[in-house]
Amino acid sequence: MRLPGPAVAVALLVLAATGTAALFGGLLVPDATAQDLTTGITFPGPGHPLGTDELGRDVLRLLVAGASTAVLGALAVSAGSMLTGNLIGLPAGYLGGRADALAMRWADLMLSIPALLVAVVVAGVMGGGYWLAILVLIVLFAPTDARVVRGAVLEQRSRAYVEAARLQNLTSWRIMTRHVWPNILPVALANAFLNFAYALVSLASLSFLGLGVAAGSPDWGRTLSDNKGQLFANPWAAVAPGLAIIITAAAVTVVGDWLQERAERRRLAR
Amino acid sequence: MSAGFLARRALGTLAVLAILSVGVFGLLYLAPGSVERTLLGTRPASPEALEAIRARYHLDEPVVTRYLRWLGGVLQGDFGTSIRTGMSVTDAIGSRLPLTLQLTAYGTLLAVLLGLPLGIVGAFRKGRAVDRAASVTAVAGMSAPPFAAGLVLLMAFAVHLPWFPVYGAGEGFGGRLLHLTLPALALAIGAAGLLVRFTRTALVRELDKDYIVFARARGLPPLRVAGYALRNALIPILTAVGLIVTSTLAGTVLIEVTFALPGLGSLLVDSVTFKDMPVVQALALLLTLLISLVNLLVDVAYTVADPRVRFGEDTR
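Residue numbers (my numbering), protein chains in the order written: chain A, 19 to 288; chain B, 9 to 324.
So this is what it looks like as structure tokens:
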């Protein structure tokens, strides 16, 4: 679906801001989790543009500091699942036959249940934790990547350059990694970008349920859950991290759509 | 032909359920620490207690035997007793099931009421301001995790404008409806975004086809032409509705925690946190079963909506 140009520009700006906060948040607000129990929870006011939470922590500072676990974790999930998806989708699409059938049945099975439910049950039973949540999400996201990559490989397989490489008696591995892979990369990257938005939301959901980052961490999902009981004292303490998640995920989706459309146009132009 | 298609799908669903039941049974072994300790919960682990647990859950038998024993109980509706409350798992789930089903149904209904018209309008006014606004709204909606959307709604319509209650499930039909409106809306926002996308894409594709061009050229009334296009776009729309039901059901986990509603979702989170394995296993299996049933129902709807599926033709 074609999104207007200004939307893409705004989305890129949002991503630049979030990216800066994620990478340099520790430097910008070194003492974000510093508590000030004498202040307690307050409405937005001078010195605290978004107010403070129950522990007297400044909400805006928490927001900046929370970008890193929220965003970098999601990045790890989308990169990890893209890698796994490529490792499965490339041979499935290129070799076909039984390997392909097996891989696709596996993907069907994995995709028949919402990832969030599986993530809650598996991460919860195993005791939760940030890296566990990331690992579980990688496993759950990989089937989508595998399917997309396989589809793109099927399209490339019958091209003349693949035939030529085969006639040179190159190994299947070499043809897959050196010849086919660069041609499907734009598709895989655009998909990884869309996955990134979903990963951000899923990771925040797990943190919200207490299955992600440790208690007290300045993570968006966690801050939201810690402060959700304070709606009457300072609603911004919970709503601001919620809006941060929504806006970042929306911006990522907009940019992902734009990338996908460009990849599609390039494909059609050939 | 139709019977063959549905029988194949039903068999496939059974196979998926069988595979997943093994996974659900295996959850017991995923928990860190020994199985006896997990099943003991917070009770003191004296040698006698461990021995009693081992005898009660038949832990000395081979895994396959125990799986079959567990499955036998499950098929008769017996999921054992909750470690946390000592209640029968079946009773605990039974008392919470209605709320989750109501919430899912309400959320799905709102999503269809919001998403379908927006998608249709977007397709017919492709590229215009309305379409662009619908697209951006859809992206924003799809990006909003239900719990975040729920909190924003709570702040706006329960705290700032005190129209709706903040917490609780409500008494009677009217009270329930009032209490579930914000949670259902929070679930519907993301689902509606998905539906807008699917509907719009499917309709745009149909509207580009020759039969629509000819129907328009013959001067058929626009509404009738729209009817033709919609009928043919029904399959992808039905697929989206199926996805919406399942994602709404999954979303109840987050929403019930956000709004402190006593449903299956909050029970799942509590049980998972407490490692109340019999309850976790029962819920995992039940939710899987519900989702498989929804997917099967969507397949049935395909055959009703599209004779080409009924007679085994390729629909693409």
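We treat Cβ as the ideally placed atom computed from N, Cα and C, and that holds for glycine.
Notebook entry, point to check: What first and last residue would you give for the alpha helix (DSSP H) that runs through Met-122(A)?
Noted result: For Met-122(A), the enclosing alpha helix (DSSP H) has its first and last residue at 115 to 129.
Checklist line | Pairwise C-alpha distance: Val-97(B) and Pro-253(A) | finding: If I take the Cα positions, the gap works out to 37 angstroms.
Next item on the list: Could you name the residues that DSSP lists as bridge partners for Ser-96(B)?
Entry: Beta-bridge pairing links Ser-96(B) to Thr-89(B).
Check: Is the Cβ of Leu-261(A) closer than 8 angstroms to any Cβ of chain B?
Finding: Residue contact with chain B for Leu-261(A): present (Cβ-Cβ distance below 8 angstroms to some residue of chain B).
Check: From what residue to what residue does the alpha helix (DSSP H) around Ser-176(A) run?
Finding: Secondary structure note for Ser-176(A): it is in no alpha helix (DSSP H), with a DSSP letter that is neither H nor E.
Notebook entry, point to check: Relative to the alpha-carbon of Val-147(B), which residue among Leu-202(B), Leu-117(B), Pro-40(B), Gly-102(B) has its alpha-carbon at the smallest distance?
Noted result: Nearest of Leu-202(B), Leu-117(B), Pro-40(B), Gly-102(B) to Val-147(B), Cα basis: Leu-202(B).
Next item on the list: Measure the Cβ-Cβ separation of Leu-80(A) and Ala-151(A) and say whether it is below 8 angstroms.
Entry: In this structure, Ala-151(A) does not lie closer than 8 angstroms to Leu-80(A) by Cβ.
Item checked: Integer Cβ distance of Ala-313(B) from Ile-252(B), believed to fall under 8 angstroms -> About 16 angstroms separates the two Cβ atoms, so there is no contact after all.
Next item on the list: Report yes if the CB atom of Ala-110(A) is closer than 8 angstroms to the CB atom of Ala-164(A), and no otherwise.
Entry: The beta carbons of Ala-110(A) and Ala-164(A) sit closer together than 8 angstroms.
Notebook entry, point to check: Quick one: does Met-150(B) have its CB under 8 angstroms from some CB of chain A?
Noted result: So, interface residue.
Next item on the list: Spell out whether any CB of chain B is found under 8 angstroms from the CB atom of Phe-211(A).
Entry: Not a single C-beta of chain B is nearer than 8 angstroms to the C-beta of Phe-211(A).
Next item on the list: Give the DSSP-derived three-state secondary structure of His-187(B) in the structure shown.
Entry: Collapsing the DSSP output to three states places His-187(B) in a helix.
Next item on the list: Taking Asn-256(A) and Leu-159(B) to be in contact with their CB atoms under 8 angstroms, please state how far apart those CB atoms are, rounded to whole angstroms.
Entry: A small correction: the amino acid at residue 256(A) is Ala; Asn does not occupy that position in the sequence shown. Sure, about 5 angstroms apart at Cβ, within 8 angstroms.
Next item on the list: Measure the C-alpha to C-alpha separation of Leu-47(B) and Gly-12(B) and round it to an integer number of angstroms.
Entry: Their backbone Cα atoms lie some 44 angstroms apart in a straight line.
Next item on the list: Within the region 52 to 89 of chain B, note down every full alpha helix (DSSP H) run reaching 4 residues or more, in order along the chain.
Entry: You should have 55 to 64, 71 to 83.
Notebook entry, point to check: Applying the criterion that 16 or more other CB atoms from any shown protein chain within 10 Å of the CB defines a buried residue, is Phe-222(B) buried or exposed?
Noted result: Label assigned to Phe-222(B): exposed.
Margin query: Give me the subset of the region 140 to 155 of chain A whose CB atoms are less than 9 angstroms from a CB atom of chain B, sorted by chain position.
Written below: If the cut-off is 9 angstroms between Cβ atoms, the region 140 to 155 of chain A has Val-140, Ala-141, Gly-142, Val-143, Met-144, Gly-145, Gly-146 near chain B.
Checklist line | Closest Cα partner of Arg-45(A) within the set Leu-277(A), Glu-282(A), Gly-84(A), Ser-220(A) | finding: First, the amino acid is wrong: residue 45(A) is Leu here, not Arg. Nearest of Leu-277(A), Glu-282(A), Gly-84(A), Ser-220(A) to Leu-45(A), Cα basis: Gly-84(A).
Checklist line | Which of helix, strand or coil DSSP assigns to Asp-139(B) | finding: If DSSP states are grouped into helix, strand and coil, Asp-139(B) belongs with the helices.
Margin query: Quick check on Thr-112(B) - is its C-beta less than 8 angstroms from some C-beta in chain A?
Written below: Not an interface residue.
Next item on the list: Pull out every residue of the region 113 to 139 of chain A whose Cβ sits closer than 7 angstroms to any Cβ of chain B, in chain order.
Entry: Residues Leu-127, Ser-130, Ile-131, Pro-132, Leu-134, Leu-135, Val-138, Val-139.
Checklist line | Neighbour flag for Ala-256(A) against chain D, beta carbons, 8 angstroms | finding: Looking for chain D here will not work: the only protein chains present are A and B.
Next item on the list: Name the one or two DSSP bridge partners that His-66(A) has.
Entry: DSSP lists Gly-63(A) as partners of His-66(A).
Check: Would you say Arg-324(B) faces chain A, with C-beta separation under 8 angstroms as the test?
Finding: The predicted position of Arg-324(B) is uncertain, since its pLDDT is 43 and thus under 50; no value can be drawn from it.
Item checked: chain B contact for Thr-271(A) (CB, 8 angstroms cutoff) -> So yes, Thr-271(A) belongs to the interface.
Checklist line | CB contact check: Ala-268(A) to chain B, cutoff 8 angstroms | finding: Yes, contact with chain B.
Next item on the list: Determine the direct distance from the alpha carbon of Leu-105(B) to that of Thr-296(B), and round the result to whole angstroms.
Entry: Roughly 14 angstroms between the two C-alpha positions.
Notebook entry, point to check: Roughly how many angstroms separate the alpha carbons of Val-287(B) and Gly-142(A), rounded to a whole number?
Noted result: C-alpha of Val-287(B) to C-alpha of Gly-142(A): approximately 13 angstroms in a straight line.
Notebook entry, point to check: Using CA coordinates, which residue listed in Ala-152(B), Leu-211(B), Glu-214(B), Arg-213(B) is at the minimum distance from Ala-194(B)?
Noted result: Here the closest residue by C-alpha is Ala-152(B).
Margin query: Which of the three DSSP states is assigned to Asp-76(A) in this structure?
Written below: Looking at Asp-76(A) - three-state DSSP - the assignment turns out to be strand.
Notebook entry, point to check: Excluding sequence positions up to five away, which residues of its chain have a Cβ less than 6 angstroms from the Cβ of Ala-170(A)?
Noted result: Excluding its 5 nearest sequence neighbours in each direction, Ala-170(A) has C-beta neighbours in its own chain below 6 angstroms: Ile-202, Val-205, listed in chain order.
Next item on the list: Taking 8 angstroms as the threshold, find out whether the region 123 to 138 of chain B comes into contact with the region 206 to 225 of chain B through three or more Cβ pairs.
Entry: Yes, the region 123 to 138 of chain B touches the region 206 to 225 of chain B.
Note to self: Just to confirm, is the Cβ distance from Ile-59(A) to Ala-251(A) under 8 angstroms?
What the structure shows: With contacts defined by Cβ atoms closer than 8 angstroms, Ile-59(A) and Ala-251(A) form a contacting pair.
Next item on the list: Indicate whether the contact test is met: 3 or more Cβ pairs, each with one atom in the region 107 to 117 of chain B and one in the region 179 to 188 of chain B, closer than 8 angstroms.
Entry: Output reads yes: the region 179 to 188 of chain B touches the region 107 to 117 of chain B.
Notebook entry, point to check: Is Ala-156(B) closer than 8 angstroms to Leu-242(A) when the C-beta atoms are compared?
Noted result: With contacts defined by Cβ atoms closer than 8 angstroms, Leu-242(A) and Ala-156(B) form a contacting pair.
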